[in-house]
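Sequences listed follow chains A and B, in order.
Heads up, the first sequence stops at 395 in the numbering used here, and the numbers go up one at a time, no gaps.
Heads up, the second sequence stops at 390 in the numbering used here, and the numbers go up one at a time, no gaps.
Yeah, the Cβ is synthetic: ideal placement off N, Cα and C, and Gly gets one too.
This one's a predicted model, so the numbers in the text were calculated from it and none came from an experiment.
To keep things clear, I will list the structure first and then write my remarks on it.
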Amino acid sequence: MADLEKFRSETRAWLEQNCPPEMRKPMTSDDTFWGGRNAKFSSDPQRVWFERMRDKGWTVPHWPKEYGGGGLDGEEVKIVRQEMAAIGARQPLTSFGISMLGPALLKYGTEAQKKEHLPKITAGLIRWCQGYSEPNAGSDLASLQTRAESDGDDFIINGQKIWTSYANYADWIFCLVRTDPTAKKHDGISFILFDMTSTGVSTKPILLISGYSPFCETFFDNVRVPKSHVVGTINRGWDVAKYLLQHERAMISGMGERGVGRPLGQIAADSIGADEQGRLDDAVLRSQIATFEVDEAALAAAAERAVDLAKAGQAHPAFSSAMKYYGTELNKRRYEILMSAGGIDALEWESERSRGGARPRAWLRTKANSIEGGTSEVMLGIVAKRILDLPGA
Amino acid sequence: MALVLTEEQSMLRDSARGLISDKAPVSHLRQLRDSKDETGFSRELWTTFAEMGFSGLLVPEQFGGSGLGAVEAGIVMEEIGRTLMPSPFLATSVLAASALLRGGSEAQKSQHLPGIADGSLLAALAVDEGAKHRPLQTSMQAVRSGNGFKLNGDKALVVDGHTTDLLIVAARTAGSAEEKNGVTLFLVDPKAKGIATERTIMIDSHNAARIVFDSVEVNADSVLGEVDQGYPLLEGVLNVGRGAVASEMVGLSEEVFGRTVAYLKERKQFGKAIGEFQALQHRAAQLYIDIEITRAAVLKALQALDADAANAGSAVSVAKARAGTTATLAVQEGVQMHGGMGMTDQFDIGFFMKRARVCQELFGDSNFHADQLARAKGY
Numbered sequence: 003m004a005d006l007e008k009f010r011s012e013t014r015a016w017l018e019q020n021c022p023p024e025m026r027k028p029m030t031s032d033d034t035f036w037g038g039r040n041a042k043f044s045s046d047p048q049r050v051w052f053e054r055m056r057d058k059g060w061t062v063p064h065w066p067k068e069y070g071g072g073g074l075d076g077e078e079v080k081i082v083r084q085e086m087a088a089i090g091a092r093q094p095l096t097s098f099g100i101s102m103l104g105p106a107l108l109k110y111g112t113e114a115q116k117k118e119h120l121p122k123i124t125a126g127l128i129r130w131c132q133g134y135s136e137p138n139a140g141s142d143l144a145s146l147q148t149r150a151e152s153d154g155d156d157f158i159i160n161g162q163k164i165w166t167s168y169a170n171y172a173d174w175i176f177c178l179v180r181t182d183p184t185a186k187k188h189d190g191i192s193f194i195l196f197d198m199t200s201t202g203v204s205t206k207p208i209l210l211i212s213g214y215s216p217f218c219e220t221f222f223d224n225v226r227v228p229k230s231h232v233v234g235t236i237n238r239g240w241d242v243a244k245y246l247l248q249h250e251r252a253m254i255s256g257m258g259e260r261g262v263g264r265p266l267g268q269i270a271a272d273s274i275g276a277d278e279q280g281r282l283d284d285a286v287l288r289s290q291i292a293t294f295e296v297d298e299a300a301l302a303a304a305a306e307r308a309v310d311l312a313k314a315g316q317a318h319p320a321f322s323s324a325m326k327y328y329g330t331e332l333n334k335r336r337y338e339i340l341m342s343a344g345g346i347d348a349l350e351w352e353s354e355r356s357r358g359g360a361r362p363r364a365w366l367r368t369k370a371n372s373i374e375g376g377t378s379e380v381m382l383g384i385v386a387k388r389i390l391d392l393p394g395a
Numbered sequence: 012m013a014l015v016l017t018e019e020q021s022m023l024r025d026s027a028r029g030l031i032s033d034k035a036p037v038s039h040l041r042q043l044r045d046s047k048d049e050t051g052f053s054r055e056l057w058t059t060f061a062e063m064g065f066s067g068l069l070v071p072e073q074f075g076g077s078g079l080g081a082v083e084a085g086i087v088m089e090e091i092g093r094t095l096m097p098s099p100f101l102a103t104s105v106l107a108a109s110a111l112l113r114g115g116s117e118a119q120k121s122q123h124l125p126g127i128a129d130g131s132l133l134a135a136l137a138v139d140e141g142a143k144h145r146p147l148q149t150s151m152q153a154v155r156s157g158n159g160f161k162l163n164g165d166k167a168l169v170v171d172g173h174t175t176d177l178l179i180v181a182a183r184t185a186g187s188a189e190e191k192n193g194v195t196l197f198l199v200d201p202k203a204k205g206i207a208t209e210r211t212i213m214i215d216s217h218n219a220a221r222i223v224f225d226s227v228e229v230n231a232d233s234v235l236g237e238v239d240q241g242y243p244l245l246e247g248v249l250n251v252g253r254g255a256v257a258s259e260m261v262g263l264s265e266e267v268f269g270r271t272v273a274y275l276k277e278r279k280q281f282g283k284a285i286g287e288f289q290a291l292q293h294r295a296a297q298l299y300i301d302i303e304i305t306r307a308a309v310l311k312a313l314q315a316l317d318a319d320a321a322n323a324g325s326a327v328s329v330a331k332a333r334a335g336t337t338a339t340l341a342v343q344e345g346v347q348m349h350g351g352m353g354m355t356d357q358f359d360i361g362f363f364m365k366r367a368r369v370c371q372e373l374f375g376d377s378n379f380h381a382d383q384l385a386r387a388k389g390y
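Right, here's the structure in full:
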């Protein structure tokens with residue numbers, strides 16, 4: 003305990019000294035630093051903050067030091083997060099390499115694969131994308147049809163992925179491909195890594211209801227990939243895929259600016275007004291917000307508990323599906339409230355006043371939360387089957 | 012602090028569960044109800060509770076107790092919630108013990124805490140007056156009279172009010188409704204002249220009473236804490252009680268849910284288990300998720316109480332609000348998914364529904380606590 007308190011005070015002092023004041027303000031989506039070959043910093047403080055955290059090993063504090071992580075244990079990581087949150091410090095680096103591929107590589111990768119890829123993730127050198135969904139494989143992901151045919155030491159990959167987040171900016175892809183078309187659908191899939199600059203890879207952004215294009219269609223036309231790039235066993239990629247999905251769901255459940263910044267009720271009062279007692283001048287909306295904030299605080303406790311249960315070895319492996327379901331539905335509720343709170347002002351799409359319709363665009367973006375990474379209905383099905391053991395689920 | 016039980020806490024849970032499930036399953040409550048038992052709980056079982064150290068859980072060791080905290084009290088309450096065991100634990104061991112601990116003089120503690128710990132003294136907290144829990148609107152009058160005070164007013168939903176040996180009463184020595192200043196807590200002998208107690212048989216077959224105070228005289232030594240400054244003390248005590256009732260609702264919800272899921276697997280219609288229908292699977296999964304999230308919020312609040320954290324009040328409001336809505340959903344889904352059987356008195360599930368309704372009202376329902384949170388956040 004005394005060691006942890008010492009660690010906390012050292013962490014606090016280090017952050018105080020090293021986190022630039024500009025990096026302690028709430029982020030907009032433009033402020034996210036994703037890394038990668040073509041990465042650009044939006045400001046000098048962003049670069050300084052990233053480099054200091056990278057050198058400290060704290061872009062991914064819980065990974066082993068040998069891969070560029072901080073080598074911290076669970077309690078220490080919690081302290082770093084708490085101390086960062088206390089001063090509003092931004093994430094220095096956001097990446098699917100950290101939240102999705104990394105955990106899968108740490109569990110299933112060969113030593114050579116870990117040494118090759120993990121340090122480039124922690125250093126922000128390579129930006130990854132996820133090749134999972136296909137036009138005919140959404141909720142039924144295991145029915146995917148992208149083929150990988152053996153050719154000596156290589157696979158030749160042909161097919162199409164869809165909803166590939168930021169594929170047009172990504173350097174590498176982790177991808178599910180069918181390596182045995184004769185096996186049952188879950189048994190013929192492999193998990194493979196390749197460079198997005200390989201011959202035969204092309205991407206096409208998809209325009210969404212938000213007006214943004216965060217997702218792409220991704221096409222593979224005779225892409226040649228060495229077999230050594232398969233993670234885990236050939237034809238056992240579904241195990242890797244599912245394991246990665248647990249982490250993806252945990253990440254998505256944590257999306258949304260939970261409990262930071264001004265309380266929602268005050269944001270609403272800014273535009274709607276308050277009565278003499280300071281209560282929001284819309285009684286029904288006020289009660290919706292209060293109920294929302296109860297649920298939000300409860301979810302924050304559940305997220306903390308999920309980490310602690312995992313540390314104690316008491317976590318159910320499918321619990322991330324429960325958190326994903328609740329977290330995404332809650333985030334949709336938050337934005338419905340924000341839209342109601344903003345009223346007419348929140349309907350503007352292009353004006354400078356509305357920062358280019360930032361709020362309605364974010365509102366529309368949240369509608370994907372309960373679809374991506376497995377729909378809410380799929381999550382409930384997983385809970386029913388794997389946790390509650392209900393028949394035929 | 013990690014949001015999981017320590018090894019000692021898990022052992023406490025196991026021993027409480029062992030005792031309660033063995034000696035006081037739901038049939039115990041049913042038997043007390045059907046026999047119109049005058050005490051409303053088993054004194055024999057309360058003695059066992061004392062022997063196992065549960066009655067004095069919050070009482071410091073120097074007064075014969077175990078010196079444990081809100082988390083441990085919550086653990087016992089959760090087990091009580093699983094079988095709906097009627098017990099003086101909430102009124103005596105949680106509320107009264109907390110009130111004496113937080114507000115009592117050395118003399119008051121020495122006089123009452125050992126009796127709470129050894130099970131010989133029962134106590135009750137009298138706060139509510141109107142139809143809803145509104146402690147700030149306390150209007151019962153305590154007027155200075157000679158060396159002491161004279162109490163006049165009505166109290167309702169006094170848990171264990173008709174069996175108590177000691178009443179802790181919130182009254183106004185100054186100010187008016189909605190003012191924090193002017194509330195004072197008193198220790199009152201329930202047999203004092205001018206007290207009329209009516210046991211109210213409640214929907215949940217648990218103990219409650221309405222008590223009328225008609226010029227009840229108490230001396231100056233009966234003041235708990237400071238005159239006019241009792242509100243923060245009362246809030247602190249109520250918060251421990253709210254955390255405890257929230258824990259009871261977690262236990263209640265989980266038990267109802269467990270019984271319901273078992274029924275989904277066993278009941279067959281249209282040639283298959285009804286648990287195979289996706290309409291029910293998804294509702295069961297949603298309820299499971301609700302319960303797990305509520306469990307975390309409740310543990311968070313209990314830990315905040317034990318740490319005396321600045322945000323403990325808000326954490327308790329979150330916990331009590333969540334526990335109320337979760338338990339309400341759990342019992343409704345429980346009855347609905349049990350179909351016609353759920354509507355019968357013969358089946359236990361209705362007992363859980365009735366107790367959940369009372370737990371909602373106890374020390375503020377979900378609406379009250381959501382409103383508290385909103386006020387704390389400045390809207």
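To which residues of the same chain is residue i closer than 7 Å at the C-beta, ignoring the five residues directly before and after it?
| i | result |
| --- | --- |
| glycine 115 of chain B | Leu235 |
| tryptophan 240 of chain A | Ala144, His188, Ile191 |
| isoleucine 214 of chain B | Lys365, Arg368, Val369 |
| glutamate 7 of chain B | Lying before the first or after the last residue shown, residue 7 of chain B is absent from chain B, which here runs from 12 to 390. |
| isoleucine 208 of chain A | Ser215, Phe217, Cys218, Glu219 |
| glycine 276 of chain A | Correcting the residue identity first, residue 276 of chain A is alanine in this sequence and not glycine. So the qualifying residues of the chain are Leu282, Asp283. |
Taking 8 Å as the cut-off, decide whether the C-beta atoms of residue i and residue j are in contact.
| i | j | result |
| --- | --- | --- |
| alanine 341 of chain B | glycine 254 of chain B | no |
| leucine 392 of chain A | lysine 276 of chain B | yes |
| isoleucine 159 of chain A | threonine 148 of chain A | yes |
| phenylalanine 224 of chain B | glycine 241 of chain B | no |
| alanine 219 of chain B | leucine 196 of chain B | no |
| threonine 61 of chain A | leucine 108 of chain A | no |
| alanine 231 of chain B | leucine 178 of chain B | no |
| serine 353 of chain A | leucine 287 of chain A | no |
| alanine 27 of chain B | valine 82 of chain B | no |
| glycine 376 of chain A | arginine 180 of chain A | no |
| serine 101 of chain A | methionine 325 of chain A | no |
| leucine 310 of chain B | arginine 39 of chain A | no |
| valine 309 of chain A | alanine 106 of chain A | no |
| serine 212 of chain A | arginine 367 of chain A | yes |
Give every residue of the same chain whose Cβ lies closer than 8 Å to the Cβ of residue i, excluding the five residues on either side of it in the sequence, and list them in chain order.
| i | result |
| --- | --- |
| aspartate 11 of chain B | Coverage of chain B is limited to positions 12 through 390, which leaves residue 11 of chain B absent and any answer about it impossible. |
| alanine 185 of chain B | Asn192, Gly193, Asp239 |
| alanine 41 of chain A | Phe35, Gly126, Arg129 |
| glutamine 162 of chain A | Glu136, Pro137, Thr148, Glu219, Thr220, Phe221, Phe222 |
Among residues of its own chain, excluding the 5 on either side of residue i, which ones have a beta-carbon nearer than 6 Å to its beta-carbon?
| i | result |
| --- | --- |
| glycine 345 of chain B | Val267, Thr271, Ile360 |
| glutamate 85 of chain A | Thr13, Arg14, Leu17 |
| valine 169 of chain B | Ala135, Ala137, Ala220, Ile222 |
| lysine 27 of chain A | none |
| arginine 333 of chain B | Thr305, Ala308 |
Under the assumption that residue i contacts residue j (Cβ atoms under 8 Å), give the Cβ distance between them as a whole number of angstroms.
| i | j | result |
| --- | --- | --- |
| alanine 134 of chain B | phenylalanine 74 of chain B | Contact doesn't hold; Cβ gap of about 14 Å is too wide. |
| threonine 124 of chain A | glycine 71 of chain A | 6 Å |
| aspartate 173 of chain A | arginine 238 of chain A | That pair is no contact at about 26 Å. |
| glycine 141 of chain B | glutamine 148 of chain B | 7 Å |
| leucine 146 of chain A | glutamate 136 of chain A | 5 Å |
| phenylalanine 60 of chain B | glycine 130 of chain B | 7 Å |
| glutamate 265 of chain B | isoleucine 302 of chain B | 6 Å |
| isoleucine 81 of chain A | phenylalanine 9 of chain A | 6 Å |
- With a cut-off of 8 Å, do at least 3 Cβ pairs link the segment 192-206 of chain A to the segment 219-237 of chain A? Contact holds: three or more Cβ-Cβ distances are below 8 Å.
- Start-end ranges of the beta strand (DSSP E) lying completely within the segment 197-280 of chain A, minimum 3 residues: 203-208, 217-228, all fully within the segment 197-280 of chain A.
- Message: Would the segment 35-48 of chain B count as touching the segment 90-103 of chain B if we require 3 or more Cβ pairs under 8 Å?
- Response: Output reads yes: the segment 90-103 of chain B touches the segment 35-48 of chain B.
- Cβ pair count under 8 Å reaching 3, the segment 45-55 of chain A against the segment 16-34 of chain A: Touching, yes.
- Flag this pair as touching only if the segment 352-361 of chain A and the segment 306-323 of chain A have three or more C-beta atom pairs under 8 Å; answer yes or no. Short answer: they don't touch.
- What are the uninterrupted segments assigned as beta strand (DSSP E) that are 3 or more residues long and contained completely in the segment 173-214 of chain B, given in chain order? Correct list: 177-183, 194-199, 206-210.
- Can you check the segment 62-115 of chain B for any alpha helix (DSSP H) of at least 4 residues that lies completely inside it and give the ranges in chain order? Entirely contained in the segment 62-115 of chain B, the alpha helix (DSSP H) runs reaching 4 residues are, in chain order, 81-94, 108-114.
- Query: Could you give the uninterrupted runs of the alpha helix (DSSP H) lying entirely in the segment 309-387 of chain B, keeping only those of 4 residues or more?
  - Reply: You should have 323-348, 360-372, 377-387.
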